Structure formats: structure tokens, C-alpha cells
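Structure first, commentary second.
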Amino acid sequence: MNRDDRKDTMTTTENRPQINYTVPGMKSDEAGQVVTLLQDRLNALNDLALTLKHVHWNVIGPNFIAVHTMLDPQVDGVREMVDDVAERIATLGGSPCGTPGALVAQRSWDDYSIGRSDAIAHLGALDLVYAGVIEDHRAAIEKTEELDPVTQDMLIDQAGDLEQYQWFVRAHLENADGTLRSASADTEVDAAKAATS
Numbered sequence: 001m002n003r004d005d006r007k008d009t010m011t012t013t014e015n016r017p018q019i020n021y022t023v024p025g026m027k028s029d030e031a032g033q034v035v036t037l038l039q040d041r042l043n044a045l046n047d048l049a050l051t052l053k054h055v056h057w058n059v060i061g062p063n064f065i066a067v068h069t070m071l072d073p074q075v076d077g078v079r080e081m082v083d084d085v086a087e088r089i090a091t092l093g094g095s096p097c098g099t100p101g102a103l104v105a106q107r108s109w110d111d112y113s114i115g116r117s118d119a120i121a122h123l124g125a126l127d128l129v130y131a132g133v134i135e136d137h138r139a140a141i142e143k144t145e146e147l148d149p150v151t152q153d154m155l156i157d158q159a160g161d162l163e164q165y166q167w168f169v170r171a172h173l174e175n176a177d178g179t180l181r182s183a184s185a186d187t188e189v190d191a192a193k194a195a196t197s
């Protein structure tokens, strides 16, 4: 996913879900706005879980076992986030959509672009993926502050975990002076190349 290619899907008002009931104290139109934000997060988190497994299966090289085993707990954590987001959508009166076809149709990013490759190359690309997911999570946190503090709390907790996962990835990319080898990259391919240079 190229970070600059992502569209801001969280501000779209078209195709807002029809909410016939929601939680006490929240208006249906507000719930619809939150459900739209959460569906975008659901898509991103489902995609992230699949991407993490893809990386897990395709890493090679001297850092193979460290990266291979580091990713499974991240997959499990992201899958738990997926479930929490889907259940929040349902709680608000929406219908969470987690099918592969809907994810592809609704997402605003490209597929992960690295196949079988060196573990450090994958981590360079994965750092960029995490950055995109975290930036969008933080945007959703801002947008839910007035709309739904309960959803905002859930997203804040998730952002903290996502940031920790990214830190684990970045620890492999950090130079002795604290800079990241892949810091200037804008695409996954460029990040992978920079990480291994």
C-alpha cells in the first residue's frame, strides 16, 4: 500500500448504513457515522491480519525465525481487534461486513506487494503498512471524540497495541543513531529495498 494513495474513506457520507435502532443516548444518524468509521477500521484490520500472515509465511533469511515467531502474536492481537470492531458495529445497530469481496471493494489501498523475501525487507514494508493503519486509527479516534466516547476508548486501546507492534517491527530497522533505514520510503517496495541496504 502506498501511503499517499490512500483515500480518506472515513469522511464519506454516501452509502451510510441505515440504523433503525442503536444504543441508548445516541441518535441513529450519529450511530450511522460511527458504523461507517468502524467498517473502514474493520476492513483495515482484516487486511492487516491477512498481511501479517502473508509475511509470516514468506519471510526468509538469517532473521527468519525471529520474525516468523514475532508475527503470530500480532496476528492474534489484530484478529481480536477485528472481533471487537465487528461487535461494536452490531451493538450500534449496524451490520458488520467481513467478507473478502466487500473488503476489496471498499478498501482504499492496494494489496501488500512483497512476496517471498528477506525478513528485514518485509519488516521495512510492514512498517509502512502499520504507519497507514495507525494514522487512520488516530483519525477515527479524533472523529469519535464527540460522536461516541465508548468507540473512541476501544480505538485508543487498539492504537496503543498497534503502535507497540510497529515498535517491534521498527526495532529491527533502527540504526545505532536512532534513525530508521526505511524512513524516507513512500512505497512498500522502496521501504523493503531501503531496509536491506
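The opening residue of the sequence shown carries number 1 in UniProt numbering; numbering runs sequentially from there.
For every residue, glycine included, the Cβ atom is placed at its ideal position computed from N, Cα and C.
Keep in mind that this is a model prediction, so the values were computed, not measured.
DSSP three-state assignment for residue i, whether helix, strand or coil
{"i": "S108", "result": "coil"}
{"i": "T13", "result": "Residue confidence for T13 is low, a pLDDT of 46 falling below 50, so the modelled location carries little weight and cannot support an answer."}
{"i": "L180", "result": "strand"}
{"i": "V129", "result": "helix"}
{"i": "I114", "result": "coil"}
{"i": "R3", "result": "Caution is warranted here: a pLDDT of 42 is assigned to R3, below 50, making its placement in the model unreliable, and the coordinate value is therefore given only provisionally. DSSP places R3 in helix when its eight states are reduced to three."}
{"i": "V59", "result": "strand"}
{"i": "E188", "result": "helix"}
{"i": "L37", "result": "helix"}
{"i": "A194", "result": "helix"}
{"i": "N20", "result": "coil"}
{"i": "D8", "result": "Note on D8: pLDDT 44, under 50, position unreliable in the model; no value is reported."}
Residue i and residue j closer than 8 Å at C-beta
{"i": "S182", "j": "L173", "result": "yes"}
{"i": "Y112", "j": "E163", "result": "no"}
{"i": "residue 220", "j": "G132", "result": "With the chain covering 1 to 197 only, the question about residue 220 has no answer from this structure."}
{"i": "T151", "j": "R88", "result": "yes"}
{"i": "A121", "j": "N63", "result": "no"}
{"i": "Q33", "j": "L147", "result": "yes"}
{"i": "H54", "j": "H68", "result": "no"}
{"i": "L128", "j": "A171", "result": "no"}
is_contact[residue i, chain B] using C-beta, thresh 8 Å
{"i": "D83", "result": "Note that chain B does not occur in the displayed structure, where there is just one protein chain."}
Which listed residue (the options) has its alpha carbon closest to that of residue i
{"i": "D29", "options": "I134, G94, N43, L42", "result": "G94"}
{"i": "V59", "options": "L48, Q18, L126, K27", "result": "L126"}
{"i": "I156", "options": "Q166, A176, L147, I134", "result": "I134"}
{"i": "V35", "options": "C97, A171, T51", "result": "C97"}
{"i": "K193", "options": "S117, T91, E145, N63", "result": "S117"}
{"i": "L92", "options": "M26, Y130, D153, G115", "result": "M26"}
{"i": "V169", "options": "L52, Q18, T22", "result": "L52"}
{"i": "A159", "options": "A139, G178, S197", "result": "A139"}
{"i": "V104", "options": "G115, A66, M70, L50", "result": "L50"}
{"i": "L38", "options": "D177, R107, D161, L71", "result": "R107"}
{"i": "N20", "options": "A90, H68, W57, L71", "result": "A90"}
{"i": "M70", "options": "A176, W167, T196, D186", "result": "W167"}
{"i": "A31", "options": "G115, M154, T144, D136", "result": "T144"}
{"i": "N175", "options": "D47, A102, M154, S197", "result": "S197"}
- Task: Report yes or no: do the stretch 64-79 and the stretch 13-32 share at least 3 C-beta pairs separated by less than 8 Å?
- Result: no
- Check whether the stretch 80-93 touches the stretch 29-49, counting contact only when three or more Cβ pairs, one atom from each stretch, lie closer than 8 Å. Enough Cβ pairs lie closer than 8 Å, so yes.
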